[in-house]
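In what follows, a structure is listed as structure tokens, so that the remarks can point back to it.
Numbering (the working numbering), first residue to last: 2 to 586.
This is the structure:
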């Protein structure tokens, strides 16, 4: 049965309830209208909990609907990574890599109605009710108090948990970098010849772009990235194009830097600037992208796509090392495998791919604040470190985790447990896993997987240490090219980042670049040792002229100083980690 017919048949008896009664009590209250929040509410209700979904938004679907992000970051090989409630919703919207936004909203409504979730949209200001023991008891909406045994914050930036005092980090701050991934305004275009576009993509091959019946994505020969914006804080990257039922195309490609994600004025200004630029972008694309010759701008999303803001300080954390190690545990409630794909952090980089895991899992403890009880968090702001989040932030993963949290919240409510108590109850967690499997969820198989990358390489551990701070990359093929020869400038820039991300020393790079300049020259063993010793002196405040002073037990003399060939990337990493470790002496 086509979803369109299903919706027509059900819309006339759509029974989602809208509630306004004061001091209403629920087993579970979910805050927010993001896909992850909706799935959490459905899961809780289907598990027997009286459930209320409250959102200040006036539509269901969050980023998918108000943000018009209609392409799914999926991985389907070599495992089936998607199941459960996500799969049920996905089937309703066609089971493809992209979906129609209106149909997505309708599918969420149908699933909520079937689960008998009470829904309150377009709410007034909300705040959490917390007792003196830092346990969340419910939520205030204007002057009305809604009490709950369990509360789930599914807002896009965990805004209510944060306002209540939940600990979090921002962007990449936890790895020593004051940055976050660029934001995006999705825009709509019409009059694209889809057949011409996809035919040309097939002719030019995957190095140009890829496509299916309703989506196209890729670098398109680098043409989009060559766009010169009038606004220095706006950039165009490779295109993600998702076709709607009416033939229009939604474009995810316009990057916005420099916004304050928590300032409505900043977000409004950024959206307006990007909206103005979008018309110019469409005219540019019409001159160089097949099928775009007659393309016209037909609107922009109601809200921005904020990729990277808060990261919850949770009872446990999913780290980059967990993902690189393909780590699974007996307590995992969700399966991941999407590449570690960090979008640009500044106007001067093109993003980074840190690796492609085979499979990994995440536990319920990533969703529970370490300093509040009675509340769970779902969505991209849960307890992922910022590099791990580049894989785990994708919405299908978040929806699967939301299903697990909804089930856990229902169980906790029925057994009079708090989230912190559930995390200490091994039996309860295993029962949750069993119920997830019964519901069709996909959990990672419990057998060992090998870590990613060249594990037998002598410099592998140095590479892994730098990778953990975002200073080394493995790419889509997990090959860091550790034997590639390096230049002195490569090393100077690496040491500059070592200073900020390991030593809290922002001057190290400046001083080294002032001394050695930015000219390209080979990183010979002798020069590498000289730079390393000088960097150690600068980092430890020894006199600059004391470059002959040996460093404490660093075993730097590992190269033949008489060789003129440049040292390799792996050897450079090995030297760099000696500087990274200076803070322990």
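Yeah, the Cβ is synthetic: ideal placement off N, Cα and C, and Gly gets one too.
Fill in: Burial state of residue 164 (16 or more Cβ within 10 Å)
Counted from its first residue, the chain shown places residue 164 at position 163. Per the 10 Å Cβ criterion, exposed.
Item to complete: Check residue 396 in the structure and name its three-state DSSP category.
Response: For the purposes of this step, residue 396 is identified with residue 395 of the chain shown, where counting begins at 1. The answer is helix: DSSP assigns residue 396 an H, G or I state.
Worksheet entry | residue 86 burial status per 10 Å Cβ neighbour count (16 or more: buried) | Here residue 86 corresponds to residue number 85 of the chain shown, with the count starting at 1. Classification of residue 86: buried, given that the 10 Å Cβ count is 16 or more.
Practice prompt. Please classify residue 201: does DSSP put it in a helix, a strand, or coil?
Written response: Along the chain shown, one-based indexing puts residue 201 at 200. Note: residue 201 maps to helix in three-state DSSP.
Item to complete: Indicate whether the contact test is met: 3 or more Cβ pairs, each with one atom in the segment 343-352 and one in the segment 479-497, closer than 8 Å.
Response: no
Fill in: Best match in 223, 222, 198 for proximity to residue 212 [C-alpha to C-alpha]
Reading the chain shown from its first residue, position 211 is the one you call residue 212. For residue 212, the nearest C-alpha among the options comes from 198.
Practice prompt. Give the straight-line distance between the Cα atoms of residue 502 and residue 217, rounded to the nearest whole angstrom.
Written response: Locating residue 502 in the chain shown gives position 501, where the first residue counts as 1. Locating residue 217 in the chain shown gives position 216, where the first residue counts as 1. Cα-Cα distance, rounded: 37 Å.
Item to complete: My understanding is that residue 404 touches residue 44, with C-beta atoms under 8 Å, so please give their C-beta distance in whole angstroms.
Response: If you number the chain shown from 1, residue 404 lands on position 403. If you number the chain shown from 1, residue 44 lands on position 43. The Cβ separation is near 4 Å, so the contact holds.
Worksheet entry | Runs of beta strand (DSSP E) wholly within the segment 213-256 (minimum 3 residues, chain order) | 216-219, 235-244
Worksheet item: Is residue 296 near residue 193, with beta carbons less than 8 Å apart?
Response: The residue given as residue 296 occupies position 295 in the chain shown. The residue given as residue 193 occupies position 192 in the chain shown. Yes, they are a contact pair.
Worksheet item: Which value, in whole angstroms, describes the spacing of the CA atoms of residue 34 and residue 58?
Response: Here residue 34 refers to the residue found at position 33 when the chain shown is read from its first residue. Here residue 58 refers to the residue found at position 57 when the chain shown is read from its first residue. Roughly 7 Å between the two C-alpha positions.
Fill in: Within 8 Å, strictly: CB atoms of residue 436 and residue 418
For this step, residue 436 is matched to residue 435 along the chain shown. For this step, residue 418 is matched to residue 417 along the chain shown. No.
Worksheet item: To which residues does DSSP link residue 113 through a beta bridge?
Response: As a first step, residue 113 must be located in the chain shown, where it is residue number 112. Looking at the DSSP assignment, residue 113 forms no beta bridge with any residue, so it has no partner.
Worksheet item: Roughly how far, in whole angstroms, is the beta-carbon of residue 387 from the beta-carbon of residue 378, given that I think they are within contact range, below 8 Å?
Response: Your numbering for residue 387 matches position 386 in the chain shown. Your numbering for residue 378 matches position 377 in the chain shown. No, residue 387 and residue 378 are not in contact; Cβ-Cβ is about 16 Å, not under 8 Å.
Item to complete: Drop a sphere of 10 angstroms on the beta-carbon of residue 550, count the other beta-carbons inside from all chains shown, and report buried for 16 or more, exposed for fewer.
Response: Along the chain shown, one-based indexing puts residue 550 at 549. Because the pLDDT at residue 550 is just 46, under 50, the model does not fix this residue reliably, and the value given afterwards should be weighed accordingly. So residue 550 counts as exposed.
Item to complete: Classify residue 570 as helix, strand or coil using the three-state DSSP reduction.
Response: Sequence index remark: in the chain shown, residue 570 carries index 569 (1-based). Helix, per DSSP.
Worksheet item: Taking Cβ to Cβ, would you say residue 307 is nearer than 8 Å to residue 282?
Response: Taking the chain shown and counting its residues from 1, one reaches residue 307 at position 306. Taking the chain shown and counting its residues from 1, one reaches residue 282 at position 281. For residue 307 and residue 282, no; Cβs fall outside 8 Å.
Worksheet entry | Complete alpha helix (DSSP H) runs within the segment 82-170 (minimum length 4 residues, chain order) | 85-93, 102-115, 160-164
Worksheet item: If you draw a straight line from the alpha carbon of residue 392 to that of residue 357, how long is it in whole angstroms?
Response: Counted from its first residue, the chain shown places residue 392 at position 391. Counted from its first residue, the chain shown places residue 357 at position 356. One C-alpha to the other measures close to 9 Å.
Worksheet item: Nearest to residue 326 by CA position, among 362, 181, 53, 496, is which residue?
Response: Position 325 of the chain shown, counting from 1, holds the residue named residue 326. When each option's Cα is compared against that of residue 326, the closest is 362.
Worksheet item: Mind checking residue 1: buried by the 16 CB within 10 Å criterion, or exposed?
Response: For the chain, the structure presents residues 2 to 586; residue 1 sits outside this window and is missing.
Item to complete: Name, in chain order, the residues that DSSP records as bridge partners for residue 211.
Response: One-based indexing of the chain shown puts residue 211 at position 210. Paired residue(s): 218.
Discussion item. With H, G and I counted as helix, E and B as strand and the rest as coil, what does DSSP make of residue 50?
Written reply: Here residue 50 refers to the residue found at position 49 when the chain shown is read from its first residue. Coil.
Item to complete: Classify residue 577 as helix, strand or coil using the three-state DSSP reduction.
Response: As a first step, residue 577 is located in the chain shown; it is residue number 576 there, counting from the start. DSSP places residue 577 in helix when its eight states are reduced to three.
Worksheet item: Residue range of the alpha helix (DSSP H) that residue 280 falls in?
Response: As a position in the chain shown, residue 280 is number 279, starting the count at 1. From DSSP, the alpha helix (DSSP H) with residue 280 extends over 265-287.
Worksheet item: How long is the line joining the alpha carbons of residue 384 and residue 204, rounded to whole angstroms?
Response: Along the chain shown, read from residue 1 onward, the residue named residue 384 stands at position 383. Along the chain shown, read from residue 1 onward, the residue named residue 204 stands at position 203. Each residue's alpha carbon lies about 43 Å from the other.
Discussion item. Buried or exposed, going by whether 16 or more other CB atoms sit within 10 Å of the CB of residue 169?
Written reply: The residue you call residue 169 lines up with position 168 of the chain shown. Buried, because 16 or more other Cβ atoms sit within 10 Å of the Cβ of residue 169.
Worksheet item: Should residue 139 be labelled buried (16 or more other beta-carbon atoms within 10 Å of its own) or exposed?
Response: Taking the chain shown and counting its residues from 1, one reaches residue 139 at position 138. That one is buried.
Worksheet item: With a Cβ-Cβ cutoff of 8 Å, do residue 129 and residue 137 count as a contact?
Response: Within the chain shown, numbered from 1, the residue matching residue 129 stands at position 128. Within the chain shown, numbered from 1, the residue matching residue 137 stands at position 136. Cβ distance < 8 Å, so residue 129 and residue 137 count as in contact.
Practice prompt. Reducing DSSP to helix, strand and coil, say where residue 545 ends up.
Written response: Within the chain shown, the letter at position 544 stands for residue 545. Note that residue 545 scores a pLDDT of 47, beneath 50, so its modelled location is shaky; the value from the coordinates is reported in the next line. If DSSP states are grouped into helix, strand and coil, residue 545 belongs with coil.
Fill in: Limits of the unbroken alpha helix (DSSP H) element including residue 80
The residue you call residue 80 lines up with position 79 of the chain shown. Neither: residue 80 is in no alpha helix (DSSP H) and is coded neither H nor E.
Item to complete: Could you check what DSSP says for residue 517 in three-state terms: helix, strand or coil?
Response: Taking the chain shown and counting its residues from 1, one reaches residue 517 at position 516. Helix, per DSSP.
Discussion item. Just list the residues that DSSP pairs residue 337 with in beta bridges.
Written reply: What you label residue 337 is simply residue 336 of the chain shown in a count that begins at 1. Answer is 361, bridged to residue 337.
Item to complete: Whole angstroms is fine: what's the gap from residue 507's alpha carbon to residue 465's?
Response: Start at 1 with the first residue of the chain shown, and residue 507 comes out as number 506. Start at 1 with the first residue of the chain shown, and residue 465 comes out as number 464. Taking the straight line joining both Cα atoms gives about 23 Å.
Practice prompt. Kindly list the residues whose CB is nearer than 8 Å to the CB of residue 300, restricted to its own chain and excluding five residues on each side of it in sequence; keep chain order.
Written response: As a working mapping, residue 300 is identified with position 299 in the chain shown. Contacts found: 188, 189.
Worksheet item: Is residue 571 closer than 8 Å to residue 463 when the C-beta atoms are compared?
Response: Along the chain shown, one-based indexing puts residue 463 at 462. Along the chain shown, one-based indexing puts residue 571 at 570. The answer is yes: Cβ separation under 8 Å.
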